[in-house]
Amino acid sequence: MKPGPVALRELQAPLLAWYRAVQRDLPWRRTRDPYRIWISEAMLQQTRVEAVIGHYERFVARFPSVQALAEADTQAVLEAWSGLGYYRRARALHATAQELVARHLGVFPQRAAELVQLHGIGPYTAGAVASIAFDAPDALVDGNVERVFARWLGWELPRASPELKRRSWQLADELVPAAGAGEWNQALMELGAVVCTPRKPRCLACPVAAWCTAHRTGRAEALPLERAKPATLEVELLVHVVREGGQYLLVKRPEQGRMAGLLEFPSIETAPGEVLWPRALQAEFATGDELARVRHAITRHRIHARVVEARLLRPVVAGELADARGARWVYSSPERLGQLALTGMARKLCALLH
DNA sequence: CATACGTGGTT
DNA sequence: TAACCAAGTAT
Numbered sequence: 003m004k005p006g007p008v009a010l011r012e013l014q015a016p017l018l019a020w021y022r023a024v025q026r027d028l029p030w031r032r033t034r035d036p037y038r039i040w041i042s043e044a045m046l047q048q049t050r051v052e053a054v055i056g057h058y059e060r061f062v063a064r065f066p067s068v069q070a071l072a073e074a075d076t077q078a079v080l081e082a083w084s085g086l087g088y089y090r091r092a093r094a095l096h097a098t099a100q101e102l103v104a105r106h107l108g109v110f111p112q113r114a115a116e117l118v119q120l121h122g123i124g125p126y127t128a129g130a131v132a133s134i135a136f137d138a139p140d141a142l143v144d145g146n147v148e149r150v151f152a153r154w155l156g157w158e159l160p161r162a163s164p165e166l167k168r169r170s171w172q173l174a175d176e177l178v179p180a181a182g183a184g185e186w187n188q189a190l191m192e193l194g195a196v197v198c199t200p201r202k203p204r205c206l207a208c209p210v211a212a213w214c215t216a217h218r219t220g221r222a223e224a225l226p227l228e229r230a231k232p233a234t235l236e237v238e239l240l241v242h243v244v245r246e247g248g249q250y251l252l253v254k255r256p257e258q259g260r261m262a263g264l265l266e267f268p269s270i271e272t273a274p275g276e277v278l279w280p281r282a283l284q285a286e287f288a289t290g291d292e293l294a295r296v297r298h299a300i301t302r303h304r305i306h307a308r309v310v311e312a313r314l315l316r317p318v319v320a321g322e323l324a325d326a327r328g329a330r331w332v333y334s335s336p337e338r339l340g341q342l343a344l345t346g347m348a349r350k351l352c353a354l355l356h
């Protein structure tokens with residue numbers, strides 16, 4: 003007998019009981035402030051809990067309210083976000099804070115249908131803020147929920163596939179309780195995060211294994227199915243470290259596109275493949291000794307960087323200036339490097355240089 | 001609807 | 001160590 007939504011309702015009480023007993027103590031579970039819930043949800047997108055905790059604490063200390071975030075400089079927001087990746091999220095967060103202040107007097111809408119209208123807030127985050135902060139009866143589906151549902155129902159579907167998402171949202175809508183939606187949604191995700199894990203699911207510790215089709219058929223580890231992965235691109239990079247009077251030369255990336263507005267060391271692509279910005283002209287630098295080799299990965303790209311000591315061939319005054327392409331060149335002292343909005347590669351290099 | 005978007009930890 | 005993975009969204 004295949005479990006349907008009706009049979010699955012039987013597992014709601016045991017799952018909630020389990021969640022109340024074993025849930026992790028996370029900073030954003032100690033508040034009902036929609037602003038803080040929202041920040042945590044934005045940070046948690048495609049990002050591990052352990053990586054978020056520190057950033058979350060610092061972020062809400064620095065920007066304690068929607069108003070504070072709305073009034074902040076973009077560069078300060080990027081700086082607080084630096085290291086989390088997907089920097090578009092930080093810009094969306096900033097823009098949405100300003101929109102909330104301008105059009106909602108800084109007050110959060112309480113239902114997912116309204117929240118999803120805001121920039122950077124998609125169906126998942128809308129459901130999360132509505133249900134967790136306001137206990138609105140709104141459902142939510144993330145990677146955890148998709149995996150848990152695929153196993154409960156024995157869906158032989160690829161991870162993150164449109165069909166799996168469609169079915170998951172339908173089931174989530176059917177299961178979400180009229181009261182206690184926030185707790186239910188978090189219980190579902192918690193199960194996926196600590197028991198019903200992608201690899202080596204702990205079915206023996208699962209409070210609802212009795213209702214699980216995949217557990218019964220031995221398919222738990224196999225579901226959801228793997229999805230075809232795109233080929234990785236290999237990129238060779240020459241990175242210049244220019245020291246002038248105890249300061250490092252950095253270039254600010256354009257405000258649009260990949261890692262928008264972040265600072266990095268000037269670099270030159272040295273092999274065919276993806277064109278990485280900035281493509282500082284070889285002629286602008288005198289290249290010296292090799293300092294290090296660094297491997298770095300960004301989505302679908304593996305970057306092999308050769309780091310060389312360098313100096314600029316044309317004079318550049320200290321401070322900020324713009325080159326012919328409109329790029330901003332910035333000198334920074336070593337002490338300040340750690341506090342800037344740097345790309346991952348640049349941060350890795352800083353650690354290496356000290 | 002497929003693809004782009006980052007990083008740090010794990011396997 | 002290369003591949004995989006993590007509380008998605010915008011285009």
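To convert a position in the first sequence, counted from 1, into this note's numbering, add 2.
The beta carbon of each residue, even a glycine, is placed where N, CA and C say it ideally should be.
Being a predicted model, the structure only gives us computed values, none of them experimental.
Coarse secondary structure for residue i, derived from DSSP in three states
{"i": "residue 194", "result": "helix"}
{"i": "residue 133", "result": "helix"}
{"i": "residue 341", "result": "coil"}
{"i": "residue 265", "result": "strand"}
{"i": "residue 3", "result": "With a pLDDT of 48 at residue 3, under the threshold of 50, the modelled position of that residue is not reliable, and no figure is offered here."}
{"i": "residue 188", "result": "helix"}
{"i": "residue 175", "result": "helix"}
{"i": "residue 181", "result": "coil"}
{"i": "residue 1", "result": "With the chain covering only 3 through 356, there is no way to say anything about residue 1."}
{"i": "residue 50", "result": "coil"}
{"i": "residue 259", "result": "coil"}
{"i": "residue 117", "result": "helix"}
{"i": "residue 142", "result": "coil"}
{"i": "residue 65", "result": "coil"}
{"i": "residue 38", "result": "helix"}
Cβ-Cβ distance between residue i and residue j below 8 Å
{"i": "residue 100", "j": "residue 72", "result": "yes"}
{"i": "residue 121", "j": "residue 82", "result": "no"}
{"i": "residue 11", "j": "residue 44", "result": "no"}
{"i": "residue 174", "j": "residue 197", "result": "no"}
{"i": "residue 234", "j": "residue 161", "result": "no"}
{"i": "residue 309", "j": "residue 286", "result": "no"}
{"i": "residue 351", "j": "residue 296", "result": "yes"}
{"i": "residue 344", "j": "residue 264", "result": "yes"}
{"i": "residue 46", "j": "residue 152", "result": "no"}
{"i": "residue 189", "j": "residue 137", "result": "no"}
{"i": "residue 166", "j": "residue 157", "result": "yes"}
{"i": "residue 58", "j": "residue 40", "result": "no"}
{"i": "residue 288", "j": "residue 312", "result": "yes"}
{"i": "residue 213", "j": "residue 9", "result": "yes"}
{"i": "residue 271", "j": "residue 238", "result": "yes"}
{"i": "residue 252", "j": "residue 17", "result": "no"}
{"i": "residue 114", "j": "residue 75", "result": "no"}
{"i": "residue 266", "j": "residue 353", "result": "no"}
{"i": "residue 244", "j": "residue 342", "result": "no"}
{"i": "residue 67", "j": "residue 54", "result": "no"}
{"i": "residue 80", "j": "residue 88", "result": "no"}
{"i": "residue 223", "j": "residue 209", "result": "no"}
Residue i - partner residues in DSSP beta bridges
{"i": "residue 73", "result": "According to DSSP, residue 73 bridges with nothing at all."}
{"i": "residue 243", "result": "311"}
{"i": "residue 29", "result": "In the DSSP output, where bridge partners are listed per residue, residue 29 has none listed."}
{"i": "residue 160", "result": "227"}
{"i": "residue 287", "result": "314"}
{"i": "residue 306", "result": "238, 297"}
{"i": "residue 292", "result": "310"}
Boundaries (first-last residue) of the beta strand (DSSP E) holding residue i
{"i": "residue 271", "result": "269 to 271"}
The alpha helix (DSSP H) enclosing residue i, as first and last residue numbers
{"i": "residue 204", "result": "Looking at the DSSP string, residue 204 is not in any alpha helix (DSSP H), and its letter there is neither H nor E."}
{"i": "residue 94", "result": "90 to 106"}
{"i": "residue 14", "result": "14 to 24"}
{"i": "residue 352", "result": "346 to 355"}
{"i": "residue 213", "result": "Taken as a continuous stretch (DSSP letters only), residue 213 belongs to no alpha helix (DSSP H), as it is neither H nor E."}
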